[in-house]
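Undergrad: Sequential numbering of the sequence shown, starting at 174, is according to my numbering. Every residue gets a Cβ at the ideal spot worked out from N, C-alpha and C, and that includes glycine.
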Amino acid sequence: MLAMAVLSLRRPLAGLASAGLLGGAALMSALLVPAPVLALPEAEVSAKLDTILLLMAVNDKGQPRTVAAKIDGRSVNAYLAAISIAAAEEITAGKRYGLDPKVAKGLRFAPVSLARFNLLLGPLLKAKPKDLGVIAPDPAQVAVATTLLLAQNVPAAQARQLAALQPMIFCPEPGLLVSSNEGPDKGKQFVPCATEAEFVDTIVQRAIKESPKIAATKPKVVAIPLNSFIAFLRKEPESRVGQLRVVPSGRMFNLIQQISGKQPGTRAQPGTSPEAKPADR
């Protein structure tokens, strides 16, 4: 059970939709930007990124693997990751990044958090600055992300391109504070964001139904490109972003449970994605 309240965020989250276009989220350059004095400490930013689950392409030793890819028309060596099972399946099916079909089909993936992905790639990209770390978006979220970006006044062409190329973080606006009534985090309040729009929309609709006060604020779901979300965490004062939390994907969490204890790396096989249920989150 979740208790709800409204948290007013001074800067509208919908205004974060503008972002540089790339064939996925390339995150490492943000590590080189000094944080403002009042910003969230980097350790806390990393903790927030630790709940964003990915599938990372790995070699036989379970380490990040580079593949020859085409990103924005450029031939590069890329470390690939996927924000969802369906995104990994698109990569292995050869639908993204111009991969050699045999290479794509043979890719193996291991679950990893975004924070861990950044940590692993840091020294690798420092040694070879021309390489890229790229995260593929969830194809199941493209349509809803496009709709939300259009509602956030992003120009149509840019909205479609952002939704197709960038993983999205979905958050309620204004921020709805929720708190768990059970478990180790009982009583702790946070603004629930997610990589799946339907999860956040369920919370918003429940809040509207149960609280006339919240309904009067006309809460909605907004889509934020992953790069912009990370930049927001790093640059804004702690008072604005400290309570934002990305709730782990139920589908990805189930997959991690399924393959725990097995050898590092698993092939993304079409049709084998575990079904998600509300209780999985």
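1. What are the start and end residues of the alpha helix (DSSP H) that includes Pro-284?
2. Give me the residue from Leu-350, Arg-289, Ala-389 with the minimum Cα distance to Ile-376.
3. Cβ of Ile-258 within 8 angstroms of Cβ of Leu-399?
4. Return the residue from the list Glu-371, Gly-235, Leu-253, Lys-234 that minimises the CA-CA distance to Lys-243.
5. Could you tell me how far apart the beta carbons of Val-231 and Arg-289 are, in whole angstroms, since I believe they sit closer than 8 angstroms?
6. Do Leu-213 and Val-414 have their beta-carbon atoms positioned less than 8 angstroms apart in this structure?
7. Per DSSP, what kind of secondary structure is Thr-239 in: helix, strand or coil?
8. For Ile-225, which residues of its own chain have a beta-carbon under 7 angstroms away from its beta-carbon, when the five flanking residues on both sides are left out?
9. Between Lys-386, Pro-312, Gly-423, which lies nearest to Leu-335 when the distance is taken from Cα to Cα?
10. According to the Cβ coordinates, are Lys-275 and Leu-417 closer than 8 angstroms?
11. One question on the structure: do Ala-385 and Pro-345 come within less than 8 angstroms of each other, judged by their Cβ atoms?
12. In its own chain, which residues sit with a C-beta less than 7 angstroms from the C-beta of Gly-360, not counting the 5 before and 5 after it?
13. Taking a contact to mean a Cβ-Cβ separation below 8 angstroms, would you say Ala-251 touches Leu-228 in this structure?
14. Ends of the beta strand (DSSP E) at Ala-212?
15. Please name the residue in Ser-219, Ala-283, Ala-260 whose C-alpha comes closest to that of Gln-236.
16. Name the two residues that bound the continuous beta strand (DSSP E) containing Ser-352.
17. Which same chain residues, not among the five before or five after Asp-223, have their C-beta less than 6 angstroms away from its C-beta?
18. Which value, in whole angstroms, describes the spacing of the CA atoms of Ala-216 and Arg-238?
19. What runs of the alpha helix (DSSP H), each 4 residues or longer, lie entirely inside the segment 359-440?
TA: Straight from the coordinates:
1. Numbered from its first residue, the sequence shown carries residue 284 at position 111. Counting along the chain, Pro-284 falls outside any alpha helix (DSSP H), though it belongs to the beta strand (DSSP E) covering 281-286.
2. What you label residue 376 is simply residue 203 of the sequence shown in a count that begins at 1. The shortest C-alpha separation from Ile-376 is found at Leu-350.
3. Within the sequence shown, the letter at position 85 stands for residue 258. Within the sequence shown, the letter at position 226 stands for residue 399. For Ile-258 and Leu-399, no; Cβs fall outside 8 angstroms.
4. Within the sequence shown, numbered from 1, the residue matching residue 243 stands at position 70. The candidate whose alpha carbon is nearest that of Lys-243 is Leu-253.
5. For the purposes of this step, residue 231 is taken as residue 58 along the sequence shown, with counting starting at 1. For the purposes of this step, residue 289 is taken as residue 116 along the sequence shown, with counting starting at 1. With 8 angstroms as the limit, Val-231 and Arg-289 do not qualify as a contact, their Cβ atoms being about 12 angstroms apart.
6. Taking the sequence shown and counting its residues from 1, one reaches residue 414 at position 241. Taking the sequence shown and counting its residues from 1, one reaches residue 213 at position 40. Yes, they are a contact pair.
7. Residue 239 sits at position 66 when you count from the first residue of the sequence shown. It is a strand residue.
8. What you label residue 225 is simply residue 52 of the sequence shown in a count that begins at 1. The residues are Ser-286, Leu-287, Thr-368, Val-419.
9. In the sequence shown, counting from the first residue as 1, residue 335 sits at position 162. Among Lys-386, Pro-312, Gly-423, the Cα nearest to that of Leu-335 is on Pro-312.
10. Against the sequence shown, residue 275 aligns to sequence position 102. Against the sequence shown, residue 417 aligns to sequence position 244. The answer is no: Cβ separation not under 8 angstroms.
11. In the sequence shown, the residue the question calls residue 385 occupies position 212. In the sequence shown, the residue the question calls residue 345 occupies position 172. Checking the sequence shown, residue 385 turns out to be Pro, not Ala. No. Outside cutoff.
12. In the sequence shown, counting from the first residue as 1, residue 360 sits at position 187. Closer than 7 angstroms at Cβ, skipping near neighbours: Ser-352.
13. Translated into the one-based positions of the sequence shown, residue 251 becomes position 78. Translated into the one-based positions of the sequence shown, residue 228 becomes position 55. Not closer than 8 angstroms, so no.
14. On the sequence shown, position 39 is the one that residue 212 refers to. Here Ala-212 belongs to no beta strand (DSSP E), and DSSP marks it neither H nor E.
15. Position 63 of the sequence shown, counting from 1, holds the residue named residue 236. Minimum Cα distance to Gln-236 is reached at Ala-283.
16. For this step, residue 352 is matched to residue 179 along the sequence shown. Unbroken beta strand (DSSP E) run through Ser-352: 348-353.
17. Position 50 of the sequence shown, counting from 1, holds the residue named residue 223. Counting only Cβ-Cβ distances below 6 angstroms, and skipping sequence neighbours, we find Ser-286, Ala-288.
18. Mapped onto the sequence shown, residue 216 falls at position 43. Mapped onto the sequence shown, residue 238 falls at position 65. Going by the C-alpha atoms only, they are around 26 angstroms apart.
19. 370-383, 385-389, 399-408, 411-414, 423-432
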